[in-house]
Amino acid sequence: MVVDTHSSDSSIILRVKGPLEFKCLFDKPDALNIQKVISKTFDALCSDIKSDSCAFTLCDGPVVIWPNKDVTISQEGITPNTLCEVLSQWTQTSEQDSASKRLAKKKSKKGPSSTVVNLQLMMEVTRSGAPHPHVPVFERTVQTAHFISTTLPMDCAVFLSQDETIQDACLRLVEELWNQLNEMKRVTIQHLKGASVLIPEPLHFLLPPPHGLVTVVYPSGVPDSQLQTVRQTLHKKYDLPEDTPYFRRANAYHFANEPYRDGYLRNPHLSLNLPALDNGKVYLVQGLYSYHHYMQDRIDDNGWGCAYRSLQTICSWFQQQGYEERSVPTHKEIQQALVDVGDKPAAFVGSRQWIGSIEVQVVLSQLLGVTSKIMFVSQGSELASKGRELANHFTTEGTPVMIGGGVLAHTILGVAWSETTGEIRYLILDPHYTGAEDLQLITEKGWCGWKGPEFWDQTAYYNLCLPQRPRVI
Numbered sequence: 001m002v003v004d005t006h007s008s009d010s011s012i013i014l015r016v017k018g019p020l021e022f023k024c025l026f027d028k029p030d031a032l033n034i035q036k037v038i039s040k041t042f043d044a045l046c047s048d049i050k051s052d053s054c055a056f057t058l059c060d061g062p063v064v065i066w067p068n069k070d071v072t073i074s075q076e077g078i079t080p081n082t083l084c085e086v087l088s089q090w091t092q093t094s095e096q097d098s099a100s101k102r103l104a105k106k107k108s109k110k111g112p113s114s115t116v117v118n119l120q121l122m123m124e125v126t127r128s129g130a131p132h133p134h135v136p137v138f139e140r141t142v143q144t145a146h147f148i149s150t151t152l153p154m155d156c157a158v159f160l161s162q163d164e165t166i167q168d169a170c171l172r173l174v175e176e177l178w179n180q181l182n183e184m185k186r187v188t189i190q191h192l193k194g195a196s197v198l199i200p201e202p203l204h205f206l207l208p209p210p211h212g213l214v215t216v217v218y219p220s221g222v223p224d225s226q227l228q229t230v231r232q233t234l235h236k237k238y239d240l241p242e243d244t245p246y247f248r249r250a251n252a253y254h255f256a257n258e259p260y261r262d263g264y265l266r267n268p269h270l271s272l273n274l275p276a277l278d279n280g281k282v283y284l285v286q287g288l289y290s291y292h293h294y295m296q297d298r299i300d301d302n303g304w305g306c307a308y309r310s311l312q313t314i315c316s317w318f319q320q321q322g323y324e325e326r327s328v329p330t331h332k333e334i335q336q337a338l339v340d341v342g343d344k345p346a347a348f349v350g351s352r353q354w355i356g357s358i359e360v361q362v363v364l365s366q367l368l369g370v371t372s373k374i375m376f377v378s379q380g381s382e383l384a385s386k387g388r389e390l391a392n393h394f395t396t397e398g399t400p401v402m403i404g405g406g407v408l409a410h411t412i413l414g415v416a417w418s419e420t421t422g423e424i425r426y427l428i429l430d431p432h433y434t435g436a437e438d439l440q441l442i443t444e445k446g447w448c449g450w451k452g453p454e455f456w457d458q459t460a461y462y463n464l465c466l467p468q469r470p471r472v473i
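Per full-length UniProt numbering, the sequence shown runs over residues 1 to 473.
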């Protein structure tokens, strides 16, 4: 990926989430009746979304919006014509505020940014204008029936420019919710098995321009391997190449204000300023990866596990791009893979022995079916002349590169290179870090940072493992 360092205006992502109760009763077990009842239930929910009882409440804030009551807003001073960016000022999340202050000085050269405003979808139980309640009357009917009760995980998000109003946003969000319910109806009926209903699962995907953020509904419980035809249709719809996964679950867009459940940092290099080179360009890893380093996962590998950690970072890239569904391999799984192919003796499993670039290539092939190219460099001083090869790798493949020399291993995430002057900088992710997952510390102390040619031992030999991207949907 070649980085355009020109910044553009920031945008706002307005996201509304919330469960909708889905309840239906089948008095006839035939498929046609089941489809009819499910369809009517979804249609009723669509009507609710466009009714006066629909409301959006600002998460961590005191604002309630009724989008269908001529955009009624509870907070004084906010009107339908108020710009959406004002909503973010009413949130009360101190954690987000402190994080933004810590990273403010690093954002000047990062390019466009998006503020996420979270809303909760709610439905009024007591509706205005409703008649006074009467004494309830119960009627007992004895019959055989099938009852389904579940919740639909509504999740809609829209990108908004800075000059769009709350009224503009409400119109778009209500329309998106209505469209999502209809798509959920289609997916639910399509995957019906008798009276068994698979809960539809909305996922967001950020596509290349001009498409932006796209929401797709998948049936929960159906693995990606059984949805290839669906993905092929989506690739054709959005005119996307069929050699890159865009719509696997692992490719789903991750909102900046949501933590990752596994605790690993993602893409710490995005907090760095880009280096300035005369007539130079920056070529970066494409997509997401996790930062794996010494002492994680309750394993003391300080002094011997740097190549294992670099390999784990590479494996995380293939997992998070949707190429691989298996989890990132442990040290023992890596060692066992080398034993299984005959590269190491059985006693290697459980040892504290180093591995290098060649072993990384073997494990990627054995566990992930990924091929890799090996670049041999007889001495570190020659790395300064490898700008073209590395730039081409990050442009065409976009995968993290493992580099091993002597007893040290590092991960290269990109290069800044000038074709005219030959000047070069390397974006290094250092697996020798032993501390906590502190992004500020990691970037300020250079554990993830841009390094010059002097970073390498000028007389040591180096082997670089360049994993190749699979060409699949």
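Idealized CB from N, CA, C, for every residue including glycine.
Predicted model only: the values in this text are computed from it and were never measured.
By alpha-carbon positions, which one of the options ends up nearest to residue i?
i: R388; options: Q361, T371 and A416; result: A416
i: V328; options: Y308, G342, D343 and K344; result: Y308
i: N302; options: V285, E258, H331 and P275; result: H331
i: R326; options: G350, M295 and L367; result: L367
i: S51; options: T57, V71, D343 and I473; result: V71
i: T421; options: S385, Q162 and L198; result: S385
i: R266; options: Q319, V86, Y218 and P223; result: Q319
i: P223; options: T434, G322 and H211; result: G322
i: V341; options: Q35, F348, L181 and V362; result: V362
i: P241; options: R249, R231 and V37; result: R231
i: Y291; options: I65, C24, G452 and G435; result: G435
i: T459; options: I358, L383 and L441; result: L383
i: I38; options: Q335, L390 and V197; result: V197
i: E419; options: N279, R471 and T313; result: N279
i: G77; options: F138, K69, I166 and A44; result: I166
i: S47; options: L181, V63, K28 and N257; result: L181
i: A391; options: Q286, G221, S149 and K193; result: Q286
i: E124; options: I189, G61 and E21; result: E21
i: Q35; options: T82, T126, Q162 and H191; result: H191
i: I428; options: G404, D438 and E437; result: G404
Which residues in the same chain as residue i place their Cβ atom closer than 7 angstroms to its Cβ, once the five residues preceding and following it in sequence are excluded?
i: A346; result: V339
i: G18; result: Q120, L121, M122 and M154
i: L103; result: With a pLDDT of 40 at L103, under the threshold of 50, the predicted position of this residue should be treated as unreliable, though the coordinate-derived value follows. Here the set comprises S271.
i: V407; result: W354
i: L234; result: V216 and F247
i: R352; result: W304
i: E176; result: C156 and V158
i: N33; result: F26
i: R469; result: E397, G398 and T399
i: K69; result: D52
i: F376; result: N463
i: L213; result: A157, F159, H204, L206 and Y253
Using 10 angstroms around the beta-carbon of residue i, count the other beta-carbons present and answer buried if the total reaches 16, otherwise exposed.
i: I374; result: exposed
i: F205; result: buried
i: R140; result: exposed
i: D430; result: buried
i: P245; result: buried
i: P259; result: exposed
i: P268; result: buried
i: E324; result: buried
i: T79; result: exposed
i: P467; result: buried
i: P136; result: exposed
i: T371; result: exposed
i: P400; result: buried
i: T411; result: buried
i: A252; result: buried
i: V63; result: buried
For residue i and residue j, which I take to be in contact (beta-carbon distance under 8 angstroms), what is that distance rounded to the nearest angstrom?
i: L203; j: E423; result: Not confirmed; about 42 angstroms, so no contact.
i: S88; j: T115; result: 5 angstroms
i: C84; j: L160; result: 5 angstroms
i: residue 475; j: K445; result: Summary: the structure shown does not reach residue 475, with the chain confined to residues 1 through 473, and so no result is reported for it.
i: Y294; j: H432; result: 6 angstroms
i: L284; j: L413; result: 7 angstroms
i: V174; j: I49; result: 6 angstroms
So, for residue i: in the same chain, excluding its five sequence neighbours on each side, which residues have a beta-carbon less than 6 angstroms away from its beta-carbon?
i: V360; result: L311, M402 and C465
i: W66; result: A55 and T72
i: I187; result: The sequence shown places Val at residue 187, not Ile. Around V187: P200, V217 and P219.
For residue i, which residues of its own chain have a beta-carbon under 8 angstroms away from its beta-carbon, when the five flanking residues on both sides are left out?
i: Q228; result: I473
i: V117; result: I12, I13, L14, R15, L58, C84, L87, S88 and T91
i: M184; result: F42, L152, P200, P202 and V217
i: I442; result: L265, P268, Y291, Y433, G435 and C448
Indicate whether at least one CB of chain D lies closer than 9 angstroms to the CB of residue i.
i: V86; result: The chain labelled as chain D is not found in the depicted structure, where only one protein chain is given.
Going along the chain, which unbroken runs of the beta strand (DSSP E) with 3 or more residues stay wholly within the stretch 310–373? Counting only runs of 3 or more, we get nothing.
What are the uninterrupted segments assigned as alpha helix (DSSP H) that are 4 or more residues long and contained completely in the stretch 161–190, given in chain order? Runs of the alpha helix (DSSP H) inside the stretch 161–190: 166–190.
Restricting to runs no shorter than 4 residues, where is the alpha helix (DSSP H) found entirely within the stretch 220–292? Entirely contained in the stretch 220–292, the alpha helix (DSSP H) runs reaching 4 residues are, in chain order, 228–237.
Could you tell me which whole alpha helix (DSSP H) segments of length 4 or greater appear in the stretch 50–90? Correct list: 85–88.
Contiguous alpha helix (DSSP H) assignments of at least 4 residues, all confined to the stretch 396–448: As far as the stretch 396–448 is concerned, its whole alpha helix (DSSP H) runs of at least 4 residues are 439–444.
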